[in-house]
Every structure is written in C-alpha cells, then in structure tokens.
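Numbered according to our numbering, the sequence shown spans residues 9 to 451. Reviewing the structure listed below.
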Amino acid sequence: MSFQSRFRNKIVKKNNSDNRRIISLAVWLVVVLQTHVTFTSPRSRTKATVLAFQHVPVLARKQNKWSSLSSSIVDSATATATTTSTVSTLPTMESISPPFVNDVSNDRDEGATFAPIPRVAISTLPQSKSTTTTTTMSLLNTPAEAFELLVQKGEYNAQSTVEKTLVSSILGGAYVGMGAMLALAVAGNAPSLDYGLDKLLFALLFPVNLLLALQCGGQLFTGNTAAMMSAVCERRVSYEDLGKNLLVSWVGNAIGCVSFALLCSYAGVFNDGASHLAATTLASKTSADFGPTLVKAVVANWLVCLAVFLNGQARDMTGKYLAVLLPVSAFVAIGLEHSVANMFLLPAGLLSQYHDPSITWQTALLKNIIPVTIGNTISGSYLVGATFSYLYGTMGQEKQLRQEQLQQPYPASNDAHERGLADKPSIVKAAAAFATPTAVVEP
Numbered sequence: 009m010s011f012q013s014r015f016r017n018k019i020v021k022k023n024n025s026d027n028r029r030i031i032s033l034a035v036w037l038v039v040v041l042q043t044h045v046t047f048t049s050p051r052s053r054t055k056a057t058v059l060a061f062q063h064v065p066v067l068a069r070k071q072n073k074w075s076s077l078s079s080s081i082v083d084s085a086t087a088t089a090t091t092t093s094t095v096s097t098l099p100t101m102e103s104i105s106p107p108f109v110n111d112v113s114n115d116r117d118e119g120a121t122f123a124p125i126p127r128v129a130i131s132t133l134p135q136s137k138s139t140t141t142t143t144t145m146s147l148l149n150t151p152a153e154a155f156e157l158l159v160q161k162g163e164y165n166a167q168s169t170v171e172k173t174l175v176s177s178i179l180g181g182a183y184v185g186m187g188a189m190l191a192l193a194v195a196g197n198a199p200s201l202d203y204g205l206d207k208l209l210f211a212l213l214f215p216v217n218l219l220l221a222l223q224c225g226g227q228l229f230t231g232n233t234a235a236m237m238s239a240v241c242e243r244r245v246s247y248e249d250l251g252k253n254l255l256v257s258w259v260g261n262a263i264g265c266v267s268f269a270l271l272c273s274y275a276g277v278f279n280d281g282a283s284h285l286a287a288t289t290l291a292s293k294t295s296a297d298f299g300p301t302l303v304k305a306v307v308a309n310w311l312v313c314l315a316v317f318l319n320g321q322a323r324d325m326t327g328k329y330l331a332v333l334l335p336v337s338a339f340v341a342i343g344l345e346h347s348v349a350n351m352f353l354l355p356a357g358l359l360s361q362y363h364d365p366s367i368t369w370q371t372a373l374l375k376n377i378i379p380v381t382i383g384n385t386i387s388g389s390y391l392v393g394a395t396f397s398y399l400y401g402t403m404g405q406e407k408q409l410r411q412e413q414l415q416q417p418y419p420a421s422n423d424a425h426e427r428g429l430a431d432k433p434s435i436v437k438a439a440a441a442f443a444t445p446t447a448v449v450e451p
C-alpha cells in the first residue's frame with residue numbers, strides 16, 4: 009500500500025473517531041436534557057446523568073444505533089432513579105452484566121484504549137419499600153406527664169442542700185415582692201377606677217411574681233407543699249425531707265419578702281397611691297377571724313398549685329404564662345389569702361405612712377400569717393399533691409392492684425381442709441403438714 013493510501017486511511021480513521029466522539033457527546037447531552045425533564049428529584053437527576061456519562065462512550069463504539077442507545081440509557085437511568093429512591097444506602101459498584109459489557113477488544117485496533125468502567129448492577133440492587141412516618145409535636149403535656157414533672161420537682165427540692173434551698177427561697181420571696189409591688193404601684197395610682205376594675209387591674213398584674221419564681225428557679229412555700237407531698241405519695245421522698253424543705257422555704261420566703269419591702273420603702277417607691285393601697289390591704293387582711301381566713305387560704309393555694317400544675321403541662325412560654333395568669337388572677341380578684349404574698353403586702357402596709365398604729369407585727373403574724381400558712385399547707389398537700397397521686401400516680405394503681413388481688417379466688421383444690429388453710433399463718437400450715445401421715449413405699 010502506498011504512502012498516500014496509508015495516510016488517507018489514517019485520516020479517515022481519525023475522522024471517524026472524532027465523529028464518533030462528537031456524536032457520543034451529542035447523545036449524552038440529549039440524554040441529560042431528557043433526564044432533567046423526566047426526573048424532578050436532584051438525586052435522581054444526578055444518578056441518571058452519571059449513568060448516561062458512563063454508558064454513552066462504550067455503546068457508541070459498539071453500536072451505531074443512536075435512537076436505541078438513547079432509549080436504553082433513559083430506561084437504565086429510570087431504573088436507577090427508581091431504585092435509589094427506595095434504597096437506604098448507596099449500592100456497591102461492580103461490573104455490569106450484559107448488554108453493557110466492558111469488552112473493548114474491538115476498539116483496540118482503532119488505537120483507542122479504554123479502561124474497564126465499574127457499573128451498577130441494576131438487577132442486584134436491594135429492593136425495599138419506602139415508609140413514611142409522620143411525627144406530630146404536641147404543645148401540651150398530658151396530666152400524667154405534668155404530675156411526673158411535679159414529683160421530680162419535689163425530689164429535686166429534697167436532694168438540695170439547706171443553703172441552696174434557703175437562697176432559692178429568698179429569691180422566690182423577692183420575686184413575689186416584685187409582682188406585688190407592680191400591682192400596688194399601678195392599681196394604687198388609679199383612683200378613678202371602680203372597686204371591681206381596681207381589683208381586676210391588681211389581679212392581672214400580680215401573677216408576674218409566680219411566673220418569675222417558676223421560670224427563674226425560685227422556690228415558694230406554697231408550691232412546695234404540692235410538689236413535696238406528691239413526691240412523698242410516690243415514695244421518692246420521706247416525711248422528714250418534706251418537713252425540712254417546707255420549713256426552710258417558708259423562712260426563706262419571709263426573708264425575701266420582708267427584705268424587698270424594706271428595700272422599696274428605703275428607695276421611696278411607696279408613693280401616696282401605693283402606700284394608701286398597702287395600708288388598706290393590711291387593715292382588711294388582719295380584721296377577719298381565724299376560720300374564714302383559713303378557708304380563704306385553702307382555696308387560694310388550691311388555685312396556685314393548679315397554676316403550678318398547668319405550668320408543667322405547657323411547653324412554650326406563652327402557654328406557661330397563660331397557665332399562671334388565669335388561676336392566680338382568679339384568687340387575687342376574689343380576695344383569697346396567700347401566705348407568701350402576704351409576707352410582702354403586710355410589711356408593706358406596716359411600713360406605710362397611712363397604716364393604723366393599732367396593727368402591729370404580732371397582729372399581722374397571729375391574725376393572718378399563721379392561719380394562712382396552715383390553710384395553704386392543707387390545700388397544697390392534700391387537694392393537689394395526694395389527690396393527683398391517686399389520679400395519675402402510683403397511689404391509685406396500688407389500691408387498684410390490692411383490690412384485684414382480693415377479688416382473685418383461692419386456687420382450686422379437692423381438699424376442703426387445704427382450702428381452709430389458705431388464709432392461715434404459715435406456722436399453722438407447717439403444723440398441719442407435719443401432722444399429716446405420709447405413705448411408706450415398700451421396696
């Protein structure tokens with residue numbers, strides 16, 4: 009063969025190779041466009057595009073049927089995208105089975121060398137059904153969950169040291185003083201309002217103190233009565249821990265309230281309106297008898313402990329504020345008695361320039377603080393703590409279990425004497441067994 013013929017054949021082979029690559033690239037672009045139109049998921053588009061990029065050069069060299077090539081690539085990409093949407097992990101890359109064979113022996117005579125390309129064996133991909141799970145987040149805890157939070161609070165209080173309990177109780181008393189001072193300052197300087205609107209304004213501003221105490225970690229004697237008794241009923245706290253916590257928290261609340269009242273008096277916060285309202289409140293709270301004051305205290309702390317319980321049911325700040333606002337506003341508007349609140353209001357009235365000189369610290373303590381403390385303890389411990397333990401805790405479950413055990417019949421027996429011994433002490437059973445003759449087996 010002449011030099012010109014060999015040169016012409018070489019040019020023709022090179023042109024054919026270039027044309028084949030150009031056509032392969034064109035087909036690949038067409039397949040990519042079809043893939044992006046067919047599939048909407050980015051992951052499916054990526055997998056189909058990679059598959060097209062792997063198959064086009066090999067198939068373009070092995071067969072010149074571009075229409076069938078395009079359809080086969082799209083079908084393979086469809087199978088890949090459908091499979092990958094249900095496979096949880098990325099499949100293992102391995103040599104693909106026919107018709108996509110990595111045999112490039114026919115291409116080596118043309119001067120083109122291609123390394124074997126790993127393929128995804130579509131037939132070997134694991135098939136699994138995709139499951140869709142819907143998770144809904146509730147904005148409220150159930151009553152049982154809220155009671156468990158109340159029990160955990162009592163358990164935490166019992167495990168705290170005396171110093172830590174005292175400091176948190178002093179802060180709790182100061183928080184109560186902040187809310188009460190806000191109510192006195194606003195309601196006391198609104199003399200044009202009617203008596204009902206004046207009390208409503210006072211009631212709407214007062215619950216800030218309980219919200220501060222609950223969210224900032226302050227302990228209140230009134231709330232601890234329910235929390236500690238709940239933990240006692242659940243057998244997580246002893247009565248000794250209950251008494252110690254209530255005593256320390258009561259003393260700490262008194263220190264915090266009186267200290268904050270002295271601080272406000274020294275700072276001149278008690279202006280004419282607030283000072284006059286504080287003196288009026290002092291005279292009203294110390295004029296009632298022991299019995300009515302005790303009953304008012306029972307109902308007041310009942311509402312306060314329900315507010316603490318509802319606060320545990322709410323999961324967001326808005327729900328917690330509403331849970332505190334409504335019950336606390338109710339007991340303030342009604343005119344009930346709360347021992348920690350009175351620990352600030354009564355000293356504020358005694359420090360007022362308008363207070364009655366006949367009312368002393370001893371009068372405030374004997375006529376109000378002591379009966380109110382007793383009433384708050386009764387309602388928090390029994391109307392909330394013990395009652396909710398019976399409804400949502402183990403107290404009711406244990407009683408139900410005992411009733412079920414008593415209702416179970418004795419095990420069946422043919423001997424009336426054995427059935428009669430079922431409820432006798434074990435020593436009687438042992439004596440009866442000893443007296444029963446045993447059969448002797450002769451060999």
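In this text, a Cβ means the ideal position worked out from N, Cα and C, and glycines have one as well.
Cut-off 6 Å between Cβ atoms - residues of its own chain near residue i, not counting five sequence neighbours on either side
i, result
"R323", "L147"
"K70", "Note that K70 scores a pLDDT of 48, beneath 50, so its modelled location is shaky; the value from the coordinates is reported in the next line. Here the set comprises nothing."
"S387", "V306, N309, W310"
"S238", "L158, V159, G162, G393, S397"
"P355", "V266, A269"
"G383", "L302, A305, V306"
"K207", "A341"
"A198", "none"
"G260", "L174, S177, I178"
"A262", "M351"
"A193", "A282"
"L218", "V332, V336"
Outcome for residue i when other beta-carbon atoms lying within 10 angstroms are tallied against a minimum of 16
i, result
"W276", "Correcting the residue type first, residue 276 is Gly in the shown sequence and not Trp. Classification for G276: exposed."
"Y183", "buried"
"K73", "Bear in mind that a pLDDT of 47 at K73, under 50, signals an unreliable position, so the number given afterwards is only what the model happens to contain. Flag for K73 reads exposed."
"K304", "buried"
"E248", "exposed"
"I178", "buried"
"G320", "buried"
"L205", "exposed"
"Q227", "buried"
"N279", "exposed"
"W369", "exposed"
"S347", "buried"
"V170", "exposed"
"G357", "buried"
"I342", "exposed"
"M325", "exposed"
"L250", "buried"
"G225", "exposed"
"T150", "exposed"
"F298", "exposed"
"L314", "buried"
"Y400", "buried"
"S389", "buried"
Nonlocal neighbours in the same chain, by C-beta distance under 7 Å from residue i, ignoring five residues either side
i, result
"R116", "At R116 the pLDDT is 43, less than 50, meaning the model places this residue with poor confidence and gives no usable figure here."
"N350", "K293, N376, I377, V380"
"T97", "Residue confidence for T97 is low, a pLDDT of 39 falling below 50, so the modelled location carries little weight; the figure read from the coordinates is stated next. Contacts found: none."
"L190", "L213, V216"
"Q361", "S283"
"T289", "L353, G357"
"D423", "Because the pLDDT of D423 is 49, which lies under 50, any placement of that residue in the model is unreliable, and the number read from its coordinates should be weighed accordingly. Cβ within range, chain order: n/a, list empty."
Bounding residues of the alpha helix (DSSP H) (the contiguous stretch that carries residue i)
i, result
"I178", "170-195"
"T230", "229-241"
"K304", "298-321"
"V277", "That residue, V277, is in no alpha helix (DSSP H); it is neither H nor E in DSSP."
"G327", "325-342"
"N217", "216-224"
"N165", "151-167"
"L399", "395-400"
Contact set for residue i: own chain, Cβ-Cβ below 8 Å, skip 5 residues either direction
i, result
"L222", "G231, V316, N319, K328, V332"
Query raised in the report: At a cut of 8 Å, does the stretch 230-244 reach the stretch 323-336 through at least three beta carbon pairs?
Result: no
Report task. Could you tell me whether the stretch 334-354 touches the stretch 209-217, using the rule of 3 or more Cβ pairs below 8 Å? Result -> yes
**Report entry** Contiguous alpha helix (DSSP H) assignments of at least 4 residues, all confined to the stretch 341-384
**Finding:** 347-358, 369-372
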